[in-house]
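The structure under discussion appears below in the form of structure tokens.
Written out as structure tokens, the structure reads:
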């Protein structure tokens, strides 16, 4: 069995055990490459330079991030709420929905994914369950914030944070969940206290969260480059994450080189993919509404779309499992399909003709004695009482359920012929 390393996307075959130094070196390389997404992310964080991570919101956007050559990716609660629910990121999306979306995303790519865990969806016990669920979903990392429930989206109004003690306990619970799961998932501790309280409070919290076991620190919505520099001086051995909110946020947009000079290690770009997707769909809809199709330059060709989604890879792999019978079917191609279609059409036409003929055949007659008007409304006998008030109903229907005949014959008319009606 071969192994695909999430960091390098290199497929490595198992090595034969031998005593030569060359083979031992190969075995060492194999053990290094055979790594979990979390281990890959940790090695990435330990490597030189600053690392840029776009934020995906579904499996397709994650595949595009990987194809573009990025080493890792974030998920965005903002984007997932928008794409999955069509709703704002105001605490409406649930833990279960985020985990389900995460499984689809991690299953579509081989690069490490850092998942947006919001505020852990409750108290420290909820945080433990969330971390374990994200581990099972295949995430390499998880971002946990200190907002109250329901949470608010970053860079928006209405943000409130839990107490210092609860914020610390949530990170400790996340660390315990990681240990209990035997995982290396990277815990990114985020505080929203800069806008909810003050810069000083956010700096205090990041120190405490680092002491509680956080692997990466993140203060959201810092208001200036000077504040960003002050943040990066806290707990210098713990990597710092920057959030470059495209389109206008409270934090100034800096280049990767500037962010590296300030002291950041990883950078998130949360709105780029969901934002350009919205605008592209709006433009396409305007074109269609105007009686046009989107211009060729605004969208990939059908062949490009199939290549992105892996149609050719699927067809090649499908051939590995094809049998002689299935291959002969493929060789016969349209001819056999056309013959089958003609046979089905002929059979269907014959069945229709038979049904039409049989529908005309009558069924057994229905004979029902009925009595009308023996008494008037006041209880006296009406003028048409007696034998002439009794009738024989004869109804004939076809097998298709439609009536062919429905008559009522007075019993008096039949008195001299038969005694059918008593």
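Residue numbers (full-length UniProt numbering): 1 to 422. Built from N, CA and C at the ideal position, the CB exists for glycine as well.
>> Buried or exposed for residue 51, going by 16 or more other Cβ atoms inside 10 Å?
In response: buried
> residue 104: which of 137, 173, 144, 87 sits nearest, CA to CA?
Replying inline: 137
> With a Cβ-Cβ cutoff of 8 Å, do residue 299 and residue 268 count as a contact?
Replying inline: no
> If you run the structure through DSSP and keep just helix, strand and coil, what is residue 99?
Replying inline: helix
>> Suppose you measure from the CA of residue 184 to the CA of residue 131; what does that come to, to the nearest Å?
In response: 11 Å
> For residue 324, does the count of other Cβ atoms within 10 angstroms reach 16, so buried, or fall short, so exposed?
Replying inline: exposed
> Near residue 222, which residues of its chain fall below 7 Å by C-beta distance, leaving aside the five closest residues on each side in sequence?
Replying inline: 194, 228, 231, 251
>> Just list the residues that DSSP pairs residue 243 with in beta bridges.
In response: 268
>> Can you confirm whether the segment 91–103 touches the segment 114–128 when touching is taken to mean that 3 or more C-beta pairs between the two stretches lie within less than 8 Å?
In response: yes
> Hey, how far is the Cα of residue 100 from the Cα of residue 294?
Replying inline: 33 Å
>> Here's a check: name, in chain order, each residue in its chain whose Cβ is nearer than 6 Å to the Cβ of residue 81, leaving out the five neighbours to either side.
In response: 87, 89, 93
>> For residue 336, which residues in the same chain have their Cβ closer than 6 Å to its Cβ, ignoring the five residues on either side in sequence?
In response: With a pLDDT of 45 at residue 336, under the threshold of 50, the predicted position of this residue should be treated as unreliable, and no value is reported.
>> Nearest by alpha-carbon distance to residue 174: which of 212, 253, 202, 35 is it?
In response: 212
>> According to DSSP, is residue 93 part of a helix, a strand, or is it coil?
In response: coil
> Around the C-beta of residue 302, are 16 or more other C-beta atoms found within 10 angstroms, so that it is buried, or is it exposed?
Replying inline: exposed
>> For a test of the three-state rule: what should DSSP assign to residue 38, helix, strand or coil?
In response: helix
> If you run the structure through DSSP and keep just helix, strand and coil, what is residue 323?
Replying inline: coil
>> Here's a check: name, in chain order, each residue in its chain whose Cβ is nearer than 8 Å to the Cβ of residue 28, leaving out the five neighbours to either side.
In response: Summary for residue 28: the model assigns pLDDT 41, below 50, so the residue's position carries little reliability, and this model does not support an answer.
> To the nearest angstrom, how far is it from the Cα of residue 405 to the Cα of residue 393?
Replying inline: 10 Å
> Ordered along the chain, which non-local residues of its own chain (more than five positions away) have a Cβ less than 6 Å from that of residue 338?
Replying inline: Low confidence applies to residue 338: its pLDDT is 47, below 50, so where it sits in the model is not reliable, and the reading given next is rough at best. Within the same chain, residue 338 has no close Cβ partners at all.
>> By the three-class DSSP mapping on this structure, what secondary structure does residue 55 have?
In response: strand
> Going by the CB atoms, is the gap between residue 186 and residue 41 shorter than 8 Å?
Replying inline: yes
> With a CB to CB cut of under 8 Å and the five nearest residues on each side skipped, what residues in its chain are close to residue 281?
Replying inline: none
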